[in-house]
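In what follows, a structure is listed as structure tokens, so that the remarks can point back to it.
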Amino acid sequence: MGKHCFELRCRSEVVNDENRVVIALDYTNETDVLAMIERLDPQRCRLKVGKELFTYCGPQLVQKLVDRGFDVFLDLKYHDIPNTVAGAVSASATLGVWMVNVHASGGFAMMKAAADALKDLDKRPLLIAVTVLTSTAQSDLDHLDIPGAIEERVLHYAKLAKEAGLDGVVCSAQEAKRLKAELGSDFLLVTPGIRPSGADAGDQHRIVTPAKAITDGSDFLVVGRPITQADNPLQVLHEINTEVESSLH
């Protein structure tokens with residue numbers, strides 16, 4: 002394995018045990034987003050802006066969230082030719098986001114180009130790669146004629162991402178224990194598909210409770226609809242944070 006194009010950050014420098022939950026902002030307009038964040042503490046959660054919200058509201062909303070003190074994960078899953086992805090990642094960094102991602106299936110050269118584009122920045126965002134979406138079932142890989150089990154595909158993509166110099170990957174918490182064991186504790190794991198006990202699975206297949214995810218090695222938990230569609234979103238966030246903190250001690 003070649004030398005990373007820049008050194009992976011030490012986990013202790015980026016993981017705050019009191020701020021592990023990343024709220025996926027499942028909204029289509031700025032009004033609802035700003036109404037939600039008025040009730041949130043940036044020290045108790047981070048925010049994720051995905052393709053739908055970004056398409057509706059653009060980089061201006063991302064900048065507003067950053068300006069209000071939130072760590073923002075810009076979840077656009079860049080997947081294109083290396084030069085294009087490098088440019089997109091660089092553009093993301095100008096917004097001051099905390100984390101940005103690419104799709105590992107874009108290949109090693111694409112991921113390395115993205116990492117190289119950030120390496121000389123004084124304050125760069127964390128760069129992670131999506132492995133296999135948590136909405137993906139084994140039958141989906143079979144239909145695409147992609148060989149092997151999901152867990153093996155995730156591990157393969159994660160190894161490529163680490164070799165390319167990325168800080169971590171997006172994966173299911175079901176794969177977290179093995180990835181931590183094989184790739185080391187400093188390699189960050191961001192896990193969607195987190196569902197509190199009793200919550201509806203929605204369109205997710207590989208789901209895990211917050212406590213289980215933390216115990217198995219997840220660093221950041223992405224939670225969307227269980228919080229944003231709850232009758233009392235802040236209560237759900239508090240319960241998840243309490244469960245996370247209990248799992249850490």
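Converting from the sequence shown to our numbering requires adding 1 to each position, the first position being numbered 1.
Even for Gly, the Cβ is constructed at its ideal location relative to N, Cα and C.
All values reported here derive from a predicted model rather than from experimental measurement.
Nearest candidate by alpha-carbon position, reference residue i, set the options
| i | options | result |
| --- | --- | --- |
| residue 129 | 116, 121, 136 and 120 | 116 |
| residue 121 | 133, 91 and 148 | 91 |
| residue 213 | 86, 195, 43 and 59 | 195 |
| residue 124 | 94, 134 and 229 | 94 |
| residue 20 | 126, 67, 71 and 127 | 71 |
| residue 169 | 150, 190, 152 and 154 | 190 |
| residue 152 | 183, 126, 127 and 167 | 183 |
| residue 36 | 243, 236, 229 and 148 | 229 |
| residue 66 | 86, 87 and 42 | 42 |
| residue 209 | 53, 38, 245 and 119 | 245 |
| residue 69 | 40, 25 and 85 | 40 |
| residue 34 | 58, 87 and 45 | 58 |
| residue 167 | 118, 223 and 60 | 118 |
| residue 1 | 63, 32 and 87 | Given that the chain is displayed from residue 2 to residue 250, the structure contains no residue 1 and the question cannot be resolved. |
Buried or exposed by the 16-neighbour rule on C-beta atoms within 10 Å, applied to residue i
| i | result |
| --- | --- |
| residue 241 | buried |
| residue 156 | buried |
| residue 247 | exposed |
| residue 89 | buried |
| residue 49 | buried |
| residue 143 | exposed |
| residue 18 | exposed |
| residue 146 | exposed |
| residue 150 | exposed |
| residue 192 | buried |
| residue 126 | buried |
| residue 249 | exposed |
| residue 132 | buried |
| residue 211 | buried |
Beta-carbon contacts of residue i that lie in its chain and below 7 angstroms, excluding the five residues immediately before and after
| i | result |
| --- | --- |
| residue 204 | At residue 204, the pLDDT of 49 sits below 50, so the modelled position is not reliable; the number obtained from the coordinates is stated separately. Counting only Cβ-Cβ distances below 7 angstroms, and skipping sequence neighbours, we find 136. |
| residue 83 | 110, 111 and 114 |
| residue 227 | 196, 197, 200 and 237 |
| residue 27 | 225, 226 and 229 |
Own chain partners of residue i with C-beta closer than 8 angstroms, once the 5 adjacent residues on each side are dropped
| i | result |
| --- | --- |
| residue 109 | 161, 164 and 165 |
| residue 44 | 19 and 20 |
Cβ-based neighbour list, residue i, same chain, cut-off 6 angstroms, excluding 5 preceding and 5 following
| i | result |
| --- | --- |
| residue 81 | none |
| residue 51 | 76 |
| residue 264 | Past the boundaries of the shown model lies residue 264; the chain is included only from 2 to 250, so the question cannot be answered. |
| residue 107 | 80 |
| residue 25 | 49, 223 and 225 |
| residue 181 | 218 |
### Query
Looking at C-beta atoms only, is the number of pairs between the region 68 to 80 and the region 92 to 108 that lie closer than 8 angstroms three or more?
Segments in contact, yes.
### Query
What residue ranges within the region 144 to 204 form continuous beta strand (DSSP E) runs of no fewer than 3 residues, ordered along the chain?
Contiguous beta strand (DSSP E) elements confined to the region 144 to 204 occur at 169 to 171 and 189 to 192, taking only those with 3 or more residues.
### Task
Jot down the residue ranges of each uninterrupted beta strand (DSSP E) in the region 20 to 57, minimum 3 residues, whole runs only, in chain order.
22 to 25 and 47 to 51
### contact_flag[the region 174 to 182, the region 214 to 228] where n(CB pairs < 8 angstroms) is 3 or more
Yes, they touch.
### Task
Can you check the region 100 to 142 for any beta strand (DSSP E) of at least 3 residues that lies completely inside it and give the ranges in chain order?
Secondary structure remark: continuous beta strand (DSSP E) runs of at least 3 residues inside the region 100 to 142, in chain order: 100 to 104 and 127 to 131.
### Message
Could you tell me which whole beta strand (DSSP E) segments of length 3 or greater appear in the region 59 to 104?
### Response
73 to 79 and 100 to 104
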